[in-house]
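Undergrad: Below are the structure tokens for one structure; questions will follow.
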Amino acid sequence: MSLYENIKTRVTNQLVEAANSAQAAGELKFEELPYFVLEEPRERQHGDLATNLAMVLAKQAKRSPREIATTLIKHLDTTGTWIESSEIAGAGFINFRLNPLWLTNVIGEVINAGGLYGQVDIGKGQKIQVEFVSANPTGLLHMGNARGAALGDSLASLLSAAGYEVSREFYINDTGNQIHNFALSLEARYLQQLGQEAPFPEGGYHGEDLIDTVKGLIVKVGDKYLAVEPELRREFLVRYALDEKMRDIRETLQDFGVEYDVWFNEQSLHDSGAVRSTMEELEKKGYIYEKEGALWLKSTLLGDEKDEVVVRSNGTPTYFAADIAYHRNKFERGFNRVINIWGSDHHGHVARLKGAMSALGYDPDNLQIILMQLVRLIQNGEVVKMSKRSGQYITLRELMDEVGKDAARFFFNLRDPDSTVDFDMDLARAQSSDNPVYYVQYAHARLCSILRQAEELGDAGVPPLEEDLNRLDSSEERDLLKKMADLPSEIIVAARLMEPHRLARYVLDLAGLFHTFYNSQRVLVDDVGLRRARLSLVKAVKQIISNVLGILGVSAPERM
RNA sequence: GCGCCUGUAGCUCAGUUGGAUAGAGCAUCUGCCUUCUAAGCAGGUUGUCGGGGGUUCGAAUCUCUCCAGGCGCACCA
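With the first letter of the first sequence counted as 1, position 557 gets the number 1403 in this note's numbering; the numbers rise by one all the way through.
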């Protein structure tokens, strides 16, 4: 447990003790201690820690919050808490001031932990799977996928930092209707490229990339497939194109900093009979019925608005059927929790998939679906409808080429997944140097620069004396140290809420506090003791920035 | 029509189970490079937290309702 968490826990416990002992002394009446918070107040003048305990007790105790606060302080034992003074403020807050010396201990804690500073263990090794992007391999990755990739990958890293055993997975939809359409589109392009009259299929994929794929193929095999039976021809074309698309998807994601543990094929669920056996299982449990020649899942029994088809009247299973089998498979693989990141356009699917899981005997709460709102494309001030079918979209590759991986990942991770993003490429290009990511990276480069010069002075590895550390007592240094001490709590909150964007905000704040410190105080001063103390601070800040940027998948450059 | 999400400064957005004077970046104005990186710092300006009611000692946060925008409501995925 980190220093800061430790102090907070101690103070919280002592507050509970104080309330109990006041009650025992007959000075305070309450049935059950209500939930209260102990937190760092926003305003510095309110001290280092504040609690609302007196206020939440007011109702039960039938006394004014300020009176209760007085009683609580009287009974509070502050030994071992670093508390130096307590005061009552505002409507009945109790504000605590800590002995400033506790803060400097943070530096040693960071330096000892190194790359592990910030790691906590609320996960206790539980197995979590995060499935994200899972884009159809019928086109290139686009902006929506970029958002999913940034969010999913950072979430996975965050959970891992919080003590979970995390597996990243990509589900490949390599079968079904859309693949059929894909095949027809490829065939049309192939024939057209070879000068044949070929109508483009309705609902086909219009993207330019498909033409490129076919052109590349023709270079290799020429018109060899002109004379082949259409069905075989399509099968060949699809296999070739899927292979190429998946290779591109893998490479693009890798360049975006995403490494998957598992690439899972939908086809394998059909081949292994998992789809069939899952449907049989549901049927056995009485959740399947037949209507108009199709098999339906009674999802209304499971909280959905209407029943869903799982096997069409022509005998083929729907995507939903495969998805049920897929998620059953995930739980069978032993994951305690399974997280999916989906675009908000899939939200209608949430209730029925969770319902299907509970029908199969799994706790639907262990399937958590994060819906992120869509990325809307703006061109010349107007919304452009993005679609793979129409071929109208900005690719992840273009995004990286235009604004860079770091700026792109930071851009998405600065936002709550619940907010719709309007993305204007012209604006992004023009403002790319304004991206806050550079503010953070610049702080890191500055820190590195100081450390390089310290090395020349021969100071690099020399630990400061404790008495010198205690000289880091300016308001800039104290604010910085507090923020540093806060990282483990930030990780806990962010992991619990599954919100990696909190870390982007955190590291932005930290960088800001460092820049302020940098401009107000010099690190490489003549006073050796003070210099070494400040250097250790610099080293620790650099470590934290690099750790947090690592979670966000953003690089920490040593020079800029 | 029903369901989910959103509405906070001129713009883009933060704001953990309700807390103290609602924050940051961009924009704009004023200062700061003969000392560790000015992609920086300090300061100024900027608000009916979409509107209205309710709960509460206290509401941007909870609740009801209305308004505006996005997404969804297939034998597509």
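We put the beta carbon where it would ideally sit given N, CA and C, even for glycine.
Pull up the CB-CB distance for L1315 and I957, whole angstroms please, since I reckon it's below 8 Å.
TA: Contact flag wrong, Cβ pair sits at about 11 Å.
Undergrad: Per DSSP, what kind of secondary structure is G1189 in: helix, strand or coil?
TA: strand
Undergrad: Quick one: any contact between the region 888-908 and the region 864-880, if contact means 3 or more CB pairs under 8 Å?
TA: yes
Undergrad: Ignore the nearest five residues each way along the sequence and tell me which others in G1358's own chain have a CB closer than 6 Å to its CB.
TA: none
Undergrad: For L1147, count the other beta carbons within 10 Å of its own beta carbon; 16 or more makes it buried, fewer makes it exposed. Which is it?
TA: The residue in question, L1147, is exposed, as its Cβ has fewer than 16 Cβ neighbours within 10 Å.
Undergrad: Take the Cβ of D1272 as the centre, count every other Cβ of all protein chains shown within 10 Å, and call the residue buried at 16 or more, exposed below.
TA: Exposed is the label assigned to D1272, since fewer than 16 other Cβ atoms lie within 10 Å of its Cβ.
Undergrad: Taking its Cβ as the centre, do 16 or more other Cβ atoms sit within 10 Å of I1095, making it buried, or is it exposed?
TA: buried
Undergrad: Nearest by alpha-carbon distance to E1312: which of V1339, G1375, A1253 is it?
TA: Taking E1312 as reference, the option from V1339, G1375, A1253 with the minimal CA-CA separation is G1375.
Undergrad: Taking the CB atoms as reference points, tell me whether S1159 and G1139 lie closer together than 8 Å.
TA: yes
Undergrad: Name the residue from G1399, D1211, I1170 whose alpha carbon lies nearest to the alpha carbon of G1250.
TA: G1399
Undergrad: Starting from F1198, trace the alpha helix (DSSP H) both ways and give me its first and last residue.
TA: Per the sequence shown, residue 1198 should be read as Arg rather than Phe. Counting along the chain, the alpha helix (DSSP H) containing R1198 begins and ends at 1194-1205.
Undergrad: Leaving out five residues before and five after A1044 in sequence, what residues of the same chain have Cβ atoms less than 6 Å from its Cβ?
TA: A1034, L1037, Q1038
Undergrad: Taking 8 Å as the cut-off, does the region 1178-1193 touch the region 1211-1225 (at least 3 CB pairs, one atom from each stretch)?
TA: yes
Undergrad: Looking at L1395: is its Cβ nearer than 8 Å to the Cβ of A992?
TA: With respect to A992, L1395 sits apart: the two C-beta atoms are not nearer than 8 Å.
Undergrad: Can you tell me the Cα-Cα spacing of Y1086 and G1119, whole angstroms?
TA: Each residue's Cα considered, the two are about 25 Å apart.
Undergrad: Among T917, F1258, R1298, Y1288, whose alpha-carbon lies nearest the alpha-carbon of G990?
TA: Of T917, F1258, R1298, Y1288, the residue nearest in Cα terms is F1258.
Undergrad: Where do the N-terminal and C-terminal ends of the alpha helix (DSSP H) with Q1214 fall, by residue?
TA: Premise fails: Q1214 lies in the beta strand (DSSP E), 1213-1218, not in any alpha helix (DSSP H).
Undergrad: For the putative contact between V1108 and S1031, defined by C-beta atoms under 8 Å, what is the C-beta separation to the nearest angstrom?
TA: A Cβ-Cβ separation of about 29 Å leaves V1108 out of contact with S1031 under the 8 Å criterion.
Undergrad: Can you check DSSP and say which residues form a bridge with L1223?
TA: V1230, F1269
Undergrad: Determine the contact status of S1335 and E955, defining contact as a CB-CB distance below 8 Å.
TA: no
Undergrad: Taking the continuous alpha helix (DSSP H) assigned at A1289, which residues delimit it?
TA: 1282-1302
Undergrad: Assuming contact is defined by CB atoms lying nearer than 8 Å, are Y963 and I1390 in contact in what I supplied?
TA: For Y963 and I1390, yes; Cβs fall inside 8 Å.
Undergrad: How would you write the range of the alpha helix (DSSP H) that N1023 sits in, first residue to last?
TA: Taken as a continuous stretch (DSSP letters only), the alpha helix (DSSP H) holding N1023 covers 1023-1039.
Undergrad: Quick one, which of Y1106, E1097, H1290, G1304 has its alpha-carbon nearest H1361's?
TA: Nearest neighbour of H1361 by Cα position, chosen from Y1106, E1097, H1290, G1304, turns out to be H1290.
Undergrad: Just the Cα atoms here: how many angstroms apart are W928 and A900?
TA: 21 Å
Undergrad: Measure from the alpha carbon of F1102 to the alpha carbon of each residue in R890, R1243, R1317, L1297, then state which is nearest.
TA: Of the listed residues, the one whose Cα sits closest to F1102 is R1243.
Undergrad: Just the C-alpha distance for A1340 and V1353, rounded to the nearest angstrom, thanks.
TA: 13 Å
Undergrad: According to DSSP, what are the bridge partners of R1183?
TA: DSSP lists I974 as partners of R1183.
Undergrad: Specify whether the region 972-985 and the region 996-1012 touch according to this definition: at least 3 beta carbon pairs, one from each stretch, less than 8 Å apart.
TA: yes
Undergrad: Helix or strand or just coil, what does DSSP make of E889?
TA: DSSP places E889 in the coil class of the three-state scheme, outside both helix and strand.
Undergrad: Under 8 Å between the Cβ atoms of V976 and G994?
TA: no
Undergrad: I need the boundaries of the alpha helix (DSSP H) containing S1382, first residue and last residue.
TA: 1374-1398
Undergrad: Whole angstroms are fine: how far does the CA of F1016 sit from the CA of F1110?
TA: 6 Å
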